[in-house]
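Q:
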Amino acid sequence: MSDESTPLAIDIGSSAVKLVKLEKKDERLVLSRLGAAPLAPGAVRGGFVHDPEEVEQALGELLPAGEGERKVVVALSGRTAMVRTVLLPAEEDFPVVDALEAEAMQVLPYPLDEVRLSHLRVGQIERGVERLDEYLMIAVRREPLDALLAFLKRVRYEPVIVDVNFLAMESAFELSGMRAEGEITALVDIGASETLVNVVCNEHTLITRAVPFGGEGLTRLLSDRLAVSREEAEAVKRGEATAARPDVLEEVLGAETDKLAFELDGTFRLMWPITPAPKVERVVLSGGGALLEGLPERLAASLEAPVEILKPLRHVEAPEEEFDSGLVESLAPAAAIGAGLAYRAVEAA
Ligand SMILES: Nc1ncnc2c1ncn2[C@@H]1O[C@H](COP(=O)(O)OP(=O)(O)OP(=O)(O)O)[C@@H](O)[C@H]1O
Ligand SMILES: [Mg+2]
5 MSDESTPLAI DIGSSAVKLV KLEKKDERLV LSRLGAAPLA PGAVRGGFVH DPEEVEQALG
65 ELLPAGEGER KVVVALSGRT AMVRTVLLPA EEDFPVVDAL EAEAMQVLPY PLDEVRLSHL
125 RVGQIERGVE RLDEYLMIAV RREPLDALLA FLKRVRYEPV IVDVNFLAME SAFELSGMRA
185 EGEITALVDI GASETLVNVV CNEHTLITRA VPFGGEGLTR LLSDRLAVSR EEAEAVKRGE
245 ATAARPDVLE EVLGAETDKL AFELDGTFRL MWPITPAPKV ERVVLSGGGA LLEGLPERLA
305 ASLEAPVEIL KPLRHVEAPE EEFDSGLVES LAPAAAIGAG LAYRAVEAA
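So the number in my numbering is just where the residue sits in the sequence shown, counting from 1, plus 4.
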């Protein structure tokens, strides 16, 4: 592989490592790598790699030895970062940094000296006679960031971009071409340990939040309620095995979906300081948890909005001789964050 090649996108989730690589050939986007390798429970938790050997082994499975690709794009998990849109007066000498720090102090659940704060000016709006600059404020906790960088160094990867999962979700949405102009869309990534919510409109982030809901919790609950092992419960959940008590399965899935719908609804309401609140017009799901049978339909009924599954690689060419199209399709929603990172990498190249 030459140095010219775009970096590999690596998404280190709590249940699996996902790897995606895109390349630009003329103006076409071509898939050059796609894979996922499972991780033992507990190896990655709360955005920290607790068992570096386990993650290194998963990376080794995805990238057989001897391949010289060392440049990577990675992201920090939801809980370790926050993205927020802040409106400030569009005045020449306005103390933007001070104002953003003051805002961060109010909204962050940890002290300011524990975070790295950065901002991007994304636009300008008019409100009455006032002109306001719109900033994207990105706060990243230093400790998990440093830990991630140390892990990458240990496995001899060179991070070219360290992104934030929430922004990678937006990149994946952009890549999918599923965005509709002016529509308020909730991007919802249901992982094993957490659900990331990012409500967007055009290129703007309206709110981000990590909701305490994940596929692993559901598996554990099923294992408990069906009195089967975690592995059996996982197979039942994925529809690969039948439950001895279909009524219990149905009851647990119904109750857990209601719980997720309640959290999402609360998040959507939370974001509007203005009333009446504009409505979330569409919900787009990603993450492995989105593949739960019947989930889109159940959520659509509770949230009274259409719910779809993100197809991040819809417009990406996947050479038939290298990739099985069924596999690409089934892996793509869970690899959405990786796809978003890979897209950012190829666009930045
Ligand atoms: N077909 C399926 N039906 C239901 N759940 C599924 C299916 N396939 C995968 N999952 C669930 O998806 C979860 C893994 O998704 P994903 O890979 O997005 O999580 P992660 O990135 O490792 O976790 P996190 O982002 O929370 O750290 C697991 O809990 C798994 O049980
Ligand atoms: Mg994830």
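Built from N, CA and C at the ideal position, the CB exists for glycine as well.
Quick one: residues with CB closer than 5 angstroms to any heavy atom of ligand 2, in chain order, please.
A: Result (chain order): G17, G195.
Q: To which residues of the same chain is L92 closer than 7 angstroms at the C-beta, ignoring the five residues directly before and after it?
A: Against the sequence shown, residue 92 aligns to sequence position 88. Excluding residues within five positions, the ones whose Cβ falls inside 7 angstroms are F98, V100, A103, L136, D137, Y139.
Q: Using the beta-carbon count (16 or more within 10 Å), is S334 buried or exposed?
A: The residue given as residue 334 occupies position 330 in the sequence shown. Classification of S334: exposed, given that the 10 Å Cβ count is below 16.
Q: What residue ranges within the segment 48–88 form continuous beta strand (DSSP E) runs of no fewer than 3 residues, ordered along the chain?
A: Within the segment 48–88, the complete beta strand (DSSP E) runs of at least 3 residues are 75–80.
Q: Counting only runs of 4+ residues fully inside the segment 5–42, write out the alpha helix (DSSP H) ranges in chain order.
A: Correct list: empty.
Q: Just how far apart, CA to CA, sit K25 and P300?
A: As a working note, residue 25 is residue 21 in the sequence shown. As a working note, residue 300 is residue 296 in the sequence shown. Near 28 angstroms, if we compare the C-alpha coordinates of P300 and K25.
Q: E220: beta carbon under 7 angstroms from a heavy atom of ligand 1?
A: Along the sequence shown, read from residue 1 onward, the residue named residue 220 stands at position 216. Yes, ligand 1 has a heavy atom inside 7 angstroms of this Cβ.
Q: Alpha carbon to alpha carbon, what distance is there between L331 and A258?
A: Against the sequence shown, residue 258 aligns to sequence position 254. Against the sequence shown, residue 331 aligns to sequence position 327. It should be pointed out that residue 258 corresponds to Gly in this sequence rather than to Ala. Cα to Cα, G258 sits roughly 28 angstroms from L331.
Q: Using only CA atoms, which one of V90, R145, A294 lies nearest to G218?
A: Working through the sequence shown from its first residue, we reach residue 218 at position 214. Nearest C-alpha to G218: A294.
Q: Our contact map puts L63 next to V21 with C-beta atoms below 8 angstroms; I'd like the distance itself, whole angstroms only.
A: Along the sequence shown, one-based indexing puts residue 63 at 59. Along the sequence shown, one-based indexing puts residue 21 at 17. Confirmed, about 6 angstroms.
Q: Distance, Cα to Cα, M5 vs V34?
A: Start at 1 with the first residue of the sequence shown, and residue 5 comes out as number 1. Start at 1 with the first residue of the sequence shown, and residue 34 comes out as number 30. No answer about M5 holds up, because its pLDDT of 44 lies below 50 and its placement is not dependable.
Q: Just verifying my parser: in three-state terms, what is the DSSP assignment at S175?
A: Position 171 of the sequence shown holds residue 175. Three-state DSSP puts S175 in a helix.
Q: Within 10 Å of its beta-carbon, does R131 have 16 or more other beta-carbons around it, so buried, or fewer, so exposed?
A: Indexing the sequence shown from 1 puts residue 131 at position 127. With fewer than 16 Cβ atoms within 10 Å of its Cβ, R131 is classed as exposed.
Q: Confirm, please, whether the CB-CB distance from P282 to I188 is below 8 angstroms.
A: One-based indexing of the sequence shown puts residue 188 at position 184. One-based indexing of the sequence shown puts residue 282 at position 278. Yes, these two residues count as a Cβ contact at 8 angstroms.
Q: Let me check you understand the geometry: is the CB of E238 closer than 7 angstroms to at least one non-hydrogen atom of ligand 1?
A: Counted from its first residue, the sequence shown places residue 238 at position 234. Yes.
Q: Which term fits R318, buried or exposed, when burial requires 16 or more other beta carbons within 10 angstroms of its beta carbon?
A: For this step, residue 318 is matched to residue 314 along the sequence shown. Classification of R318: exposed, given that the 10 Å Cβ count is below 16.
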